[in-house]
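J.: According to numbering that gives the first Met the number 0, the sequence shown is numbered sequentially starting from 0. Every residue, glycine too, gets a C-beta built ideally from N, C-alpha and C. Remember, it's a predicted structure, so these values are computed and weren't measured experimentally.
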Amino acid sequence: MRRPLLMGIVNVTPDSFFDGGRFLDPAGAVAHARRLMAEGADILDVGGESTRPGAEPVSESDEIARVAPVIAAIRAESAIPISVDTMKPGVAAAACAVGATMWNDVSALSFDPDSLAVAAELGCGVVLMHMQGDPRTMQAAPRYDDVVAEVADYLAARAAAAIGAGVARESIWLDPGLGFGKTAEHTLVLIRNLERIVALGFPVLAGASRKSSIARIAGDRSGPDQRLGGSIAVALAAARAGVAAIRVHDVAATRQALAVAEAIGQA
Ligand code: HH2
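1. For L35, collect the residues of the same chain with a Cβ closer than 6 Å to its Cβ; drop the 5 residues on either side in sequence, then sort them by chain order.
2. How about the stretch 154–168 and the stretch 183–194: do they share at least three Cβ pairs that are nearer than 8 Å?
3. Name the DSSP bridge partner or partners of N10?
4. Taking only three categories from DSSP, how would you classify A238?
5. Between the C-alpha atoms of P134 and A140, what's the straight-line distance to the nearest angstrom?
6. Under the rule that 16 or more other beta-carbon atoms within 10 Å means buried, what is V57, buried or exposed?
7. Thinking C-beta only, is L173 closer than 8 Å to F201?
8. CB of N103 to nearest heavy atom of the ligand HH2: below 7 Å?
9. Using DSSP with H/G/I as helix, E/B as strand and the rest coil, what is G27?
10. Is DSSP giving V97 helix, strand or coil here?
11. Return yes when the C-beta of L204 is under 7 Å from any heavy atom of the ligand HH2, and no when it is not.
12. Is F201 near the ligand HH2, in the sense that its beta carbon is under 7 Å from a heavy atom of that ligand?
13. Which two residues bound the contiguous alpha helix (DSSP H) that contains R157?
14. Distance, Cα to Cα, V66 vs N10?
15. Using only the heavy atoms of the ligand HH2, determine whether one of them is closer than 7 Å to the beta carbon of L35.
16. Could you tell me if S60 is buried or exposed, where buried requires 16 or more neighbouring beta carbons within 10 angstroms of its beta carbon?
17. I'd like to confirm something about A54: is its beta-carbon nearer than 7 Å to some heavy atom of the ligand HH2, or not?
Written as structure tokens, this is what we have:
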């Protein structure tokens with residue numbers, strides 16, 4: 000097992016499902032970023048719009064006002080790779096202008112007709128994530144005949160579209176979008192079959208950190224603040240499947256679990 004990179008989550012939002020409102024103040028968000036770096040984060044993912052089911056959309060200017068000062072402040076003190084979690088090309092461009100190095104797009108560059116061209120022009124890394132529907136409605140009635148094949152085919156098609164638009168192949172990462180327009184059973188089947196997403200030949204990012212599917216899979220009623228154990232179980236499975244990076248709220252605990260699992264594997 001080769002230890003995957005850890006992407007630490009910095010949500011500068013009032014309404015994210017786990018940490019909404021905790022880091023809306025830029026100074027608080029930067030302090031949180033520092034904490035994640037001290038815990039060993041390899042990448043920071045800064046977002047200004049929640050994608051939780053039912054979340055209200057945020058205007059481009061409000062989103063930029065949330066993320067840009069935080070990214071600029073982190074960049075002023077660290078060379079760590081920073082991704083911006085946004086569906087909007089204008090936000091991605093503003094974020095890259097102040098130091099973001101990657102565009103993490105849960106819509107796989109499909110939300111805006113300009114997204115593909117802007118990603119090519121920015122020349123940054125891109126994460127193309129699978130989602131069925133959009134955040135407001137995605138959990139209403141997710142349906143697949145074969146969730147793994149459909150997610151893999153979609154990601155391969157979006158990677159081809161990005162390359163066709165001029166995005167460098169080596170800049171592309173793929174993400175199966177655990178919990179995005181998926182029942183807990185769909186998410187579980189995807190976790191069991193992450194190797195098939197890895198087999199597409201791009202670095203894979205995966206994240207189920209504290210999502211409701213953790214509680215559903217476990218068969219309990221835990222809230223987001225009680226889902227660390229299950230989140231770590233998914234991180235270990237993702238590492239075994241060969242993902243390149245895991246997106247987490249809890250860098251220290253996940254890093255420790257991965258280090259021990261790796262040591263056991265080498266013993
Ligand atoms: N999950 C969330 C947000 N962005 N990006 C990628 N690539 N993969 C994910 O699984 C993913 C993502 C949801 O988590 P969080 O940011 O904590 O919540 P919210 O969207 O409510 O801010």
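T.: On the basis of the supplied data:
1. Counted from its first residue, the sequence shown places residue 35 at position 36. Here the set comprises G7 and V250.
2. no
3. Locating residue 10 in the sequence shown gives position 11, where the first residue counts as 1. N10 pairs with G46.
4. Counted from its first residue, the sequence shown places residue 238 at position 239. Correct three-state label for A238: helix.
5. Indexing the sequence shown from 1 puts residue 134 at position 135. Indexing the sequence shown from 1 puts residue 140 at position 141. Answer to the nearest angstrom: the Cα atoms are 12 Å apart.
6. Residue 57 sits at position 58 when you count from the first residue of the sequence shown. So V57 counts as buried.
7. Within the sequence shown, numbered from 1, the residue matching residue 201 stands at position 202. Within the sequence shown, numbered from 1, the residue matching residue 173 stands at position 174. Going by C-beta atoms, F201 is nearer than 8 Å to L173.
8. Position 104 of the sequence shown, counting from 1, holds the residue named residue 103. Yes, the beta carbon of N103 sits closer than 7 Å to at least one heavy atom of the ligand HH2.
9. Residue numbering aside, residue 27 sits at position 28 when the sequence shown is read from its first letter. G27 falls in the helix class under three-state DSSP.
10. Taking the first residue of the sequence shown as position 1, residue 97 is located at position 98. Reduced to three states, the DSSP call for V97 is coil.
11. If you number the sequence shown from 1, residue 204 lands on position 205. At least one heavy atom of the ligand HH2 is nearer than 7 Å to the Cβ of L204, so yes.
12. Within the sequence shown, residue 201 is the residue found at index 202, counting from 1. Result no, Cβ not under 7 Å from the ligand HH2.
13. Start at 1 with the first residue of the sequence shown, and residue 157 comes out as number 158. That run of the alpha helix (DSSP H) goes V146 to G163.
14. As a working mapping, residue 66 is identified with position 67 in the sequence shown. As a working mapping, residue 10 is identified with position 11 in the sequence shown. Their Cα atoms are separated by approximately 9 Å.
15. Within the sequence shown, residue 35 is the residue found at index 36, counting from 1. It does not: the Cβ of L35 is nowhere closer than 7 Å to a heavy atom of the ligand HH2.
16. For this step, residue 60 is matched to residue 61 along the sequence shown. S60 should be labelled exposed.
17. Locating residue 54 in the sequence shown gives position 55, counting from the first residue. Flag set: Cβ of A54 near the ligand HH2.
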